[in-house]
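Novice: Here the sequence shown stands for residues 233 to 730, where the numbers follow my numbering.
No residue lacks a Cβ here, since even glycine has one placed at the ideal position from N, Cα and C.
As the structure is a computational prediction, the values presented were derived from the model and not from experiment.
Below you'll find the structure I mean.
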Amino acid sequence: MTDQAEYVETRTFDSLDPRTATVLASYPIAGRDEVDAAVARARSAARWWDVQGFTGRRRWLLEFKRAIAKDANALADVIAAETGKPDEDSLLEVMMGVEHIDWASRNAEKTLKQRKVSAGLISANQQAYVGYRPFGVVGVIGPWNYPLYTPMGSIAYALAAGNTVVFKPSELTPGVGEWLAQKWNSLAAPHPVFQTITGDGSTGTALCRAAVDKIAFTGSTATAKKVMATCAETLTPLVAECGGKDAMLVDADANLDAAVEFATFGAMGNAGQTCAGVERIYVAAPVYEKFVDKLAAAVTALKPGGAATSSYGPMTLGKQSDIVRSQIEDALSKGGHAVVGGLESLHGPYIDPVILTDVPENSTAITEETFGPTVVVNKVRDLDEGIERANASSYGLGASVFTKDPAAGRRAAEKLDCGVVTVNSVLGFAGIPALPFGGTGDSGFGRIHGADGLREFSTVKSLAVQKFSAPLNLLTMQRKARDLKISALMLKLRHGRG
Ligand code: NDP
233 MTDQAEYVET
243 RTFDSLDPRT
253 ATVLASYPIA
263 GRDEVDAAVA
273 RARSAARWWD
283 VQGFTGRRRW
293 LLEFKRAIAK
303 DANALADVIA
313 AETGKPDEDS
323 LLEVMMGVEH
333 IDWASRNAEK
343 TLKQRKVSAG
353 LISANQQAYV
363 GYRPFGVVGV
373 IGPWNYPLYT
383 PMGSIAYALA
393 AGNTVVFKPS
403 ELTPGVGEWL
413 AQKWNSLAAP
423 HPVFQTITGD
433 GSTGTALCRA
443 AVDKIAFTGS
453 TATAKKVMAT
463 CAETLTPLVA
473 ECGGKDAMLV
483 DADANLDAAV
493 EFATFGAMGN
503 AGQTCAGVER
513 IYVAAPVYEK
523 FVDKLAAAVT
533 ALKPGGAATS
543 SYGPMTLGKQ
553 SDIVRSQIED
563 ALSKGGHAVV
573 GGLESLHGPY
583 IDPVILTDVP
593 ENSTAITEET
603 FGPTVVVNKV
613 RDLDEGIERA
623 NASSYGLGAS
633 VFTKDPAAGR
643 RAAEKLDCGV
653 VTVNSVLGFA
663 GIPALPFGGT
673 GDSGFGRIHG
683 ADGLREFSTV
693 KSLAVQKFSA
703 PLNLLTMQRK
713 ARDLKISALM
723 LKLRHGRG
C-alpha cells in the first residue's frame, strides 16, 4: 500500500487525442517541490547561460532551431495528436515557431547590447549608456491552441535575452513541452537552460510562487487575473497574452473575394481556436449582402473532421463547445440569424461552420471570446462605423481592414484600439517575427516577438560615467552661489523662451 507522501509524488494525468479520446501518454503533475527544484536548477544554469554571451547563446539557439527543423514532422505529429488539428496546420505551426527562434537568436545582440545615449548639455561631463540584463529565470505558462508557436513567442525571446526558462505547457498539450525539452537536452548543453514541467493549474500556480524572476503567461483573461494575483504576492513581473475578439472591417471598395478567403481562414482555421482569429466582421452596407453570400459559399465548402487532411479538427477543449452553443443561443434569442449552420452544427467534439448575422452588439457572441468556428457578420454604414463597433470591446488584441484605398486602410489602422492591425490580410503579422505582438485591455499587456519582445525579457540598466568635473557643479554640498546663478539663468534661456 502506498502512503500519502508517495501518492502525492506520483500523481499523474493523461493527455488525450481529442478526436478519439484515446490516451496518448501519462505525465506527472509537478507539485511545489518539483517546481521549486526545477527553478533552482534553472537558477544555477542561468549563470552559465549568461556567461555564454550573445554569441554563445546564438550558437546554442540556432542549433536548437536546426534540431527542431530537422525533426519537424515528428513534432507536428505530437501537435496533431494532442490538439486534433490537421497535419498541414501542425507543420505550419512548427515552421512559425522555428522562425521565431531564428529571429530572436539573430537579433538579440543588436537589440540588447549596451548603447551610448546623449548625456545632454548640462551633463556634458558624463558619458551615458543603456544596457539590458536578463532577469534570470523566466517561467513560461502556455495554452493548448497553438502549443508550440504561442509559448515559443516567450521561450525563444527569453532565452535569447539571456534567461533560462521553466516551461509549464497546458495540461492538454504536455507532449509538445516534453518533446521540446528532450530536443534541447539532445544538444547536450551542460546545464538545464530550458526545462519543461507538466501538470495542471496548480503546477502553474507553483511556478508563479517559485521565486522566478518573471512570468510569461499566455491563456485566457480569467486565468491571467489569477496568475497576476499570485505574482503580486512576490512582486513577480508578468507579461500577459490573453484572449481576443478581433474584428474584420470590410469597406465598400474592398476586393470581396480576397476578403472572403481571409475571413474564412481567420474565422474557421484551427476550428476558430485562435486568439487573434476573426470573430466579428463589419461590412459596409453597399457590399454586405454580396459578402455574406460569398462567405456562406466559402465556409459551406469546408470539410471539418478528424482526418489528417480535414479543413479543421475538433474542439481541443471539449467544454468550449458549451460556450459556443450558449453564444449561438444568445445571438438567436436576441434577434440574430444563422445564415449557415446553427445549434445543429455542434456534434460530438466537432462544430461545423456557423455564420450569424444581424446580431445585436450586446449579445455574448459579440462581447465575449467564442473560440469556435462561429463568426458574426454585421452590416455597418461605412468604415468609420465599423471602427466604432470594433473598438466597443473590452478586448484589444488584433483587427483587420479590407479596402483598396491604402490611405483609408492606414487611417483605420490608426484609429483601431488594439495591439496589431493587418490591412488586406488577416493574421499577416504572424509571419513577421520583427513585429511585436500583444494586446490592450482584456487582451493583456506587454509584448512578445520582435525587439520589444526581447526587451520584455530584460531589465534595463543605466550607466552614467563621469569623465571630468562639471564646470557648473550642482551635485555637491559645497555648491557655489555663482554656479547656481549661471544655472538658473541657463534654465530661463533654454526652457523659458518661445
Ligand atoms: P487557460 O487560461 O485555461 O490556461 C492557460 C495556462 O494557464 C495553462 O497552462 C493552464 O494550465 C495554466 N493555468 C490554469 N490555471 C492557472 C493558475 N491558477 N495559475 C497559473 N497557471 C494556470 O487558457 P487555455 O489553455 O484554455 O488557452 C486558451 C486561451 O488562450 C484563449 O483565451 C486564447 O485567446 C488565449 N491565447 C492567447 C494568445 C495570445 O498570444 N494573446 C495566444 C493563444 C491563446 P492547465 O491547462 O493545466 O489548466
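1) Excluding five sequence neighbours on each side, which residues of the same chain lie with their C-beta closer than 8 Å to the C-beta of residue 621?
2) Could you have a look at residue 406 and say whether DSSP puts it in helix, strand or coil?
3) Is residue 568 close to chain B? Criterion is C-beta to C-beta, closer than 7 Å.
4) What is the DSSP secondary structure of residue 681, counted as helix, strand or coil?
5) With the cut-off set at 7 Å, would you say residue 507 and residue 538 are in Cβ contact?
6) Can you give the Cα-Cα distance for residue 705 and residue 724, rounded to whole angstroms?
7) Would you kindly check if the distance between the Cβ of residue 484 and the Cβ of residue 516 is under 7 Å?
8) Name the DSSP beta bridge partners of residue 731, please?
9) Where do the ends of the beta strand (DSSP E) carrying residue 480 lie?
10) Quick check: what's the CA-CA separation for residue 250 versus residue 578?
11) Assign residue 381 to one of three DSSP states: helix, strand, or coil.
12) Below 7 Å CB to CB, which residues in the same chain sit around residue 238 once its five sequence neighbours on both sides are set aside?
13) So does residue 247 have its beta carbon nearer than 6 Å to some heavy atom of ligand 1?
14) Do the region 301–318 and the region 677–691 make contact, defined as three or more Cβ pairs closer than 8 Å?
15) Nearest to residue 463 by CA position, among 445, 454, 256, 474, is which residue?
16) Given 6 Å as the limit, tell me if residue 459 has its C-beta closer than that to any heavy atom belonging to ligand 1.
17) Check whether the Cβ atoms of residue 426 and residue 341 sit closer than 7 Å, and answer yes or no.
18) If you draw a straight line from the C-alpha of residue 402 to the C-alpha of residue 460, how long is it?
19) Counting pairs of Cβ atoms below 8 Å between the region 265–277 and the region 419–434, do you hit three or more?
20) Can you list, in chain order, the residues of its chain whose CB lies under 6 Å from that of residue 390, leaving out five sequence neighbours each side?
21) Tell me the rounded alpha-carbon separation between residue 717 and residue 364.
22) Can the beta-carbon of residue 582 be found closer than 7 Å to that of residue 638?
Specialist: Concretely, from the data shown:
1) Closer than 8 Å at Cβ, skipping near neighbours: 479, 512, 514, 593, 610, 612.
2) In this structure, residue 406 counts as helix in the three-state DSSP scheme.
3) Considering every chain present, this structure includes no chain B. It has just one protein chain.
4) The DSSP-derived three-state label of residue 681 is coil.
5) No, the pair does not count as a contact, with Cβ atoms beyond the cut-off.
6) Approximately 18 Å between the Cα atoms of the pair.
7) Cβ distance < 7 Å, so residue 516 and residue 484 count as in contact.
8) Residue 731 falls outside the range modelled here, since the chain spans only 233 to 730, and no answer is possible.
9) Counting along the chain, the beta strand (DSSP E) containing residue 480 begins and ends at 478–482.
10) Between residue 250 and residue 578, the C-alpha separation is close to 15 Å.
11) Annotated three-state conformation of residue 381 is helix, per DSSP.
12) For residue 238, the predicted structure reports a pLDDT of 48, less than 50, and the residue's modelled location is therefore unreliable. A value from the coordinates is still provided. Same-chain partners within the cutoff: there are none.
13) Not under cutoff, so the answer is no.
14) In short, these stretches do not touch, since the Cβ pair count stays below three.
15) Nearest to residue 463 by C-alpha distance, out of 445, 454, 256, 474, is 445.
16) True, at least one ligand heavy atom lies under 6 Å from that Cβ.
17) With respect to residue 341, residue 426 sits apart: the two C-beta atoms are not nearer than 7 Å.
18) Cα to Cα, the separation comes out at about 17 Å.
19) Segments in contact, yes.
20) In its chain, beyond the 5 residues on either side, 370, 397, 689 have a beta carbon closer than 6 Å to the beta carbon of residue 390.
21) Going from the Cα of residue 717 to the Cα of residue 364 covers about 38 Å.
22) Judged by their CB atoms, residue 582 and residue 638 are not nearer to each other than the 7 Å cut-off.
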